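When you line the sequence shown up against our numbering, it's residues 141 to 485, in that order.
C-beta: ideal position from N, C-alpha, C; glycine also.
These numbers were taken from a predicted model, which means no experiment stands behind them.
Notes for the one structure printed next.
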Amino acid sequence: MVQIPNPPTPASAALPRAVPTSADVARLAGVSRATVSYVLNNAEAVRISEPTRRRVHDAARELGYVPHAAARSLRAGHSRMVLMPAPAFPVGPVYSQFVNDLQVALGRLDYTVVQYGTVGVHDDEAARAWAELRPVAVLVPGSGLGPRGVAVLKRSGARAVITLGPESVEGAHALLMDHDVVGHSAGAHLFDRGRRRIGVVVPREPGLGAFSAPRLAGVRAALRGTDATVTELPLAHDEGAAARLAAGWRDLGLDAVFTYNDEYAMLLMRALDDVGVRIPEETAVVGADNLMLGRLLRPRLTTVHLDLPPGRELAELVDRAVRDPAAAPEAHKVLGASVVQRESS
């Protein structure tokens, strides 16, 4: 039996180097371990000179040293993780930008933002899944979290639970995003432009009802007591569905439509153009979200601009709540709306 000798182990495949520690960084930078900790944890209570900070950061980069999040959490008595469950509804560019700004702002306050999938878990079951990660704060988009879920999160160590939706939840801070103001702005604008037979697109896509229902209610509220009528128009975000709606458009007798958002506006405007319906002469169109693509349409799209708070303000709310978990929950209305007039209405 011939034995084949093992090939020699190249130097590059030798045992991995030991994980660098804060002591290694301290030796290379010529400072104490305490100074390394103060610098890398952005401690504000201790004054460290700028040259010393640079030496510590340079040494950490050279060694590939990264602070141990779990150890830092043990020292602080809590983590620095802010959990953001992924929304169970389709999100557009406006919401995505809002979340990105918030993540950047929280990062500047030394928090780590983690997004968590929600597939297969709901309500209090979801809260238990989030609690397993032991976040210091949880930002919950939409509706569905109840008081029991808030209690589960707080018992697991979450110092702040913040909801982003149409209503407050007992025990949680609330950023109130009531979308009726969006529909109200669109309805009032169309009425002021002389339109009296107004359609409102209601998306068929799952998860959007929490936004489309209050937008429809807002249009109705704006036109209540007038001679205007409102027609609900269920519509899937699909070219075929838009074509079918457009084919019978003149039979509906509408002279205006609020399309829920700019994406549905683009879909419907193309379908109306295909069947020869002139915009705005026969039908005025108003979208929402003020997307750049709406300015590229012909005619340019009139839209409702959504005013959301800067990420910095929400990050500061998270930080206040983490620092003072016993404080009474705050509630803030954070969604404003204004019409941007263009050629489609």
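- Between the region 307-315 and the region 281-292 there are three or more inter-stretch CB-CB distances shorter than 8 Å, so the stretches are counted as touching.
- It is roughly 24 Å from the alpha-carbon of Ser485 to the alpha-carbon of Leu475.
- Secondary structure of Met317 (DSSP, three-state): coil.
- Within the DSSP bridge table, the entry for Arg337 names Thr369 as partners.
- Going by C-alpha positions, Arg336 is about 19 Å away from Leu412.
- In this chain, the beta strand (DSSP E) harbouring Val479 covers Gly476 to Val480.
- With respect to Ala163, Arg195 sits apart: the two C-beta atoms are not nearer than 8 Å.
- Membership of Gly380 in the alpha helix (DSSP H) is indicated by the continuous run Glu379 to Ala387.
- According to the DSSP secondary-structure assignment, Asp447 is paired through a beta bridge with Gly476.
- Around the beta-carbon of Gly327, 16 or more other beta-carbon atoms lie within 10 Å, marking it buried.
- Remark: C-beta atoms of Pro354 and Asp402 do not approach each other more closely than 8 Å.
- Restricted to the region 394-454, the beta strand (DSSP E) segments that are unbroken, complete and at least 3 residues in length are 396-398, 424-428 and 442-447, listed in chain order.
- Short of 8 Å from the beta carbon of Ile419, and not among the five residues preceding or following it, lie these beta carbons of its own chain, in chain order: Met409, Leu412, Asp413, Val425, Pro439 and Ser484.
- Remark: fewer than three beta-carbon pairs, one from each stretch, lie closer than 8 Å, so the region 293-303 and the region 234-246 are not flagged as touching.
- Counting along the chain, Leu363 sits inside the alpha helix (DSSP H) bounded by residues Gly349 to Leu363.
- Judged by beta-carbon spacing, His472 lies within the 8 Å limit of Leu316, meaning their Cβ atoms are closer than that value.
- The beta-carbon separation of Val340 and Val359, rounded to 5 Å, stays under the 8 Å limit for a contact.
- Under DSSP, Thr303 shares a beta bridge with Val280 and Ala314.
- When rounded, the separation of the alpha-carbon atoms in Ala376 and Gly247 is 38 Å.
- DSSP places Thr252 in the uninterrupted beta strand (DSSP E) bounded by Thr252 to Tyr256.
- Check the Cα spacing between Ala277 and each of Ala468, Leu457, Leu448 and Glu265: the tightest is with Leu457.
- Where Pro469 is concerned, there is no enclosing alpha helix (DSSP H), because DSSP gives it neither an H nor an E.
- For Pro374, the secondary structure class from DSSP, reduced to helix, strand or coil, is strand.
- Apart from sequence neighbours up to five positions away, the residues of its chain that approach Val417 with a beta-carbon distance below 8 Å are Ala386, Trp389, Arg390 and Thr423, ordered along the chain.
- Going by beta carbons, Ser219 and Arg274 fall inside the 8 Å limit.
- Between Ser308 and Ala477, the beta carbon gap of about 20 Å keeps them out of contact (Cβ cut-off 8 Å).
- Annotation: the continuous alpha helix (DSSP H) that includes Val239 extends over Pro233 to Arg248.
- Going by DSSP, Pro225 is part of the beta strand (DSSP E) stretching over Met221 to Pro225.
- Between Ala267 and the set Lys294, Leu431 and Leu249, the nearest pair of CA atoms involves Lys294.
- Excluding the 5 residues flanking it on each side, Arg193 has same chain C-beta neighbours closer than 8 Å at Val179, in chain order.
- Rounded to whole angstroms, Asp332 and Ala226 show a C-alpha spacing of 39 Å.
- In the three-state scheme derived from DSSP, where H, G and I count as helix and E and B as strand, Pro207 is classed as coil.
- The beta-carbon distance between Leu304 and Val222, rounded to whole angstroms, is 13 Å. This is too long to meet the 8 Å contact definition.
- Proximity to Gly334 across Ala368, Pro343 and Ala158 peaks at Ala368, based on C-alpha coordinates.
- Under a 10 Å Cβ-count criterion, Pro374 is classified as exposed, with fewer than 16 other Cβ atoms of the shown protein chains found around its own Cβ.
- Non-local C-beta neighbours of Leu356 in its own chain, meaning closer than 7 Å and more than five positions away in sequence, comprise Gly323, Val340, Val342 and Glu372, ordered along the chain.
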